[in-house]
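One structure is given here, and the rest of the page talks about it.
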Ligand SMILES: *Cc1c(COP(=O)(O)O)cnc(C)c1O
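In this note's numbering, the protein residues as written are -7 to 377.
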């Protein structure tokens, strides 16, 4: 019944966890779900008010332009200049997206032919791999290993593969490992991309969720990056707007145009009232980001100490709202440990293998809940370990 591209997708590994979670809830167990990366905090009120106001304006009820309102793209350019020290031409170097996931997935259709090779980090946000597969192309996995700071070792990529590869996905600050990258790494990536003629698609939705003085650079901040790539960013995590579906891609104008052509044939842009709210987010007061970060930092510290005292080995992340933890000795797999936590403690985590085979040996905890619940989860885990 389905097209080959659907049959070719890997099985959805979180399905078993989802089923066991529902089972536990049916039994009356009070489940604490630390598996999902979706902000629990509300969108700041000034952004909601901007939407309400814009929703009443009939000018916003018609089809939006494909590339997004110029005013929104100007707001993005101003934000990138102020926060990332990157200059962008709002006309040609910014494209509005219906959430960055949409742009990431459609990029595969803009740049890959059937049979092409794409370099995909592993473990990773599953959309990179699955978009490549749906485009009929072949993912080549770049393992993200702890001893290499969860960054791909570009020197280890076979020259033949590098020559063949059409594009590379990257994501720092990283989901699921919470690893960060510095501009030195991005410089290596740009050199590699120039040498092998590879398109770089850098995904940066956690660029503002950083702690302890760390600031996440833009990939485009490196000289030559704009010649080889684009960066995806989103209002989802920065302003607690996952449900609103607004993000953007910035960088190389020719690449953005390819993505725009795909989009003009599939979607009809982002609701203008949401774009107006996006302008309020990007140009309005930015204290909400600092407040958000302070909340996540406090939660991170509680979870980090709680898990450590339960005997779990992990690093304190400088960015994202995830903790990437090693499974304790004695457990045969990420999935086995995740099921153990769910059945014995009523705590849901994301098994590392849900993000790819190199996620084996780890689980991901998310910080999207009250600190009291995090404490409760840690207490339950301490008891069963
Ligand atoms: C959350 C997330 C996204 C998707 O964000 P949207 O803009 O809401 O589509 C993209 N990439 C990564 C790595 C994410 O964690």
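Glycine included, C-beta positions come from ideal geometry on N, C-alpha and C.
Taking only heavy atoms of ligand 1 into account, decide whether any of them is closer than 6 angstroms to the Cβ of residue 10. no
Enumerate in chain order the residues of its own chain whose CB-to-CB distance from residue 274 is below 6 angstroms, with the five nearest sequence positions on each side excluded. 67 and 71
Output needed for residue 324: all residues of its chain with C-beta closer than 8 angstroms, excluding positions within five of it in sequence on either side, in chain order. none
Buried or exposed for residue 382, going by 16 or more other Cβ atoms inside 10 Å? Nothing can be reported for residue 382, as the shown portion of the chain is limited to -7 through 377.
Out of 178, 269 and 328, which has the shortest C-alpha to C-alpha gap to residue 37? 269
Indicate whether residue 338 and residue -2 have their beta-carbon atoms separated by less than 7 angstroms. no
Nearest-angstrom beta carbon gap, residue 192 and residue 162 [assumed within contact, 8 angstroms]: 7 angstroms
Touch test, the region 302 to 309 against the region 119 to 132, Cβ-Cβ under 8 angstroms, three pairs minimum: no
Express the C-alpha separation of residue 89 and residue 111 in angstroms, rounding to a whole number. 23 angstroms
From which residue to which residue does the alpha helix (DSSP H) around residue 113 run? It is not in any alpha helix (DSSP H) - residue 113 instead sits in the beta strand (DSSP E) that spans 109 to 114.
Whole-number beta carbon distance between residue 195 and residue 392, since they are thought to touch under 8 angstroms: Examination of residue 392 is not possible in this model, given that the chain is present from -7 through 377 alone.
Given residue 62, which residues of its chain have a CB within under 8 angstroms of its CB, disregarding the five upstream and five downstream residues? 82 and 83
Check the C-beta distance from residue 167 over to residue 262 and give it rounded, since I have them as a contact under 8 angstroms. Residue 167 to residue 262, Cβ: 23 angstroms. No contact.
Proximity of residue 184 and residue 153 at Cβ, strictly below 7 angstroms: no
Is the beta carbon of residue 147 within less than 6 angstroms of some heavy atom of ligand 1? no
Kindly indicate which three-state DSSP category residue 243 falls into: helix, strand or coil? strand
Just to confirm the assignment, what range does the beta strand (DSSP E) spanning residue 131 have? 130 to 135
Short Cβ contact (7 angstroms threshold) for residue 78 with residue 210: yes
Count the other C-beta atoms from every protein chain shown that fall within 10 angstroms of the C-beta of residue 389, then say buried if there are 16 or more, exposed otherwise. Residue numbering for the chain in the displayed model covers -7 to 377; residue 389 lies beyond these limits and cannot be assessed.
Run through DSSP, which three-state label would residue 307 get? coil
Residue 53 versus residue 13: straight-line alpha-carbon distance, rounded: 40 angstroms
Please return the same chain residues whose Cβ sits closer than 6 angstroms to the Cβ of residue 214, not counting the five positions on each side in sequence. 175, 178, 179 and 182
At a threshold of 6 angstroms, does residue 270 count as lining ligand 1 (C-beta to nearest heavy atom)? no
Grab the span of the beta strand (DSSP E) containing residue 100 for me, first residue to last. Element bounds for residue 100: not the beta strand (DSSP E) but the alpha helix (DSSP H), 92 to 103.
Could you give the first and the last residue of the continuous alpha helix (DSSP H) run that contains residue 22? Careful: residue 22 lies outside any alpha helix (DSSP H) and carries neither H nor E.
Okay, do the region 330 to 346 and the region 1 to 13 touch, 3+ Cβ pairs below 8 angstroms being the bar? yes
Residue 113, buried or exposed, once every other Cβ within 10 Å from all chains shown has been counted against 16: buried
Any heavy atom of ligand 1 inside 6 angstroms of the beta-carbon of residue 338? no
If we require 4 or more residues per run, which alpha helix (DSSP H) segments fall completely within the region 262 to 348? 264 to 275, 279 to 301 and 326 to 332
Straight-line Cα distance separating residue 257 from residue 58: 10 angstroms
Buried or exposed: which applies to residue 343, given that a residue is buried once 16 or more other Cβ atoms fall within 10 Å of its Cβ? buried
DSSP state of residue 126 mapped onto helix, strand, coil: helix
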